[in-house]
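In our numbering, the protein residues as written are 860 to 1070. From the three backbone atoms N, C-alpha and C, an ideal C-beta is built for every residue, glycine too. Okay, so here's the structure we're looking at.
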């Protein structure tokens, strides 16, 4: 059981590193006090520019593969007593929870989108590509990062289920991971959903376009 505990704790702390908050401090501001107040890459990019926002996205994205790497290491240390898939599932959930509820910032963090994307590419690369295409299509048409993220999250379990049904994946446990990630991401976007419904959600700025 010690290997499960270490997997969960390390994955949580990997996810909890507040990349956006650190970027804000480097820029001389508290990112929680500007824009939407969220520490995620979207608010950092809007408020501080691509110079800070893009590295935050990359840092958050890389948390996923790092957590899965640690899960694989601990699974190996357990001498095969439990399937590696169990360690990976635990790592994925704890990493996202760490990003959303970091102990360093009073358990108020990001929305888990970039971290989830990194986890998907580490665990389910084909499903990840499908979800990214959905995200890009919705963002291109609507201009809303939040709508693209919500739609992509909802598409994830469907993509995983289709891959499982057509024998392109065999880890049925990952279906429950995808459902859990979807629920967490959508729940963290509940304020965005309210603004989308009321027509007050902010579009992402594009070159030569409107906000």
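Asked	Found
Kindly indicate the opening and closing residues of the alpha helix (DSSP H) around residue 1059.	Element bounds for residue 1059: n/a, residue is neither H nor E.
If you compare alpha carbons, which of 945, 910, 941, 1010 is closest to residue 1034?	945
Could you compute how far the alpha carbon of residue 924 sits from the alpha carbon of residue 999?	27 Å
Measuring CB to CB, does residue 919 end up less than 8 Å from residue 974?	yes
Pick out the complete beta strand (DSSP E) segments inside the segment 913-946, 3 residues or longer, and give them in chain order.	none
On the criterion of 16 or more Cβ atoms from any shown chain inside 10 Å, does residue 957 qualify as buried, or is it exposed?	buried
Apart from the five residues on each side of it in sequence, which residues of its chain come closer than 7 Å, Cβ to Cβ, to residue 1048?	970, 1005, 1008, 1009
For residue 907, is the classification buried or exposed, using 16 other Cβ atoms within 10 angstroms of its Cβ as the cut-off for buried?	buried
Suppose the cutoff is 6 Å on Cβ atoms and the five residues either side in sequence are ignored; what does the same chain contact list for residue 1052 look like?	none
Apart from the five residues on each side of it in sequence, which residues of its chain come closer than 7 Å, Cβ to Cβ, to residue 869?	929
Would residue 882 and residue 903 be called neighbours here (beta carbons separated by less than 8 Å)?	yes
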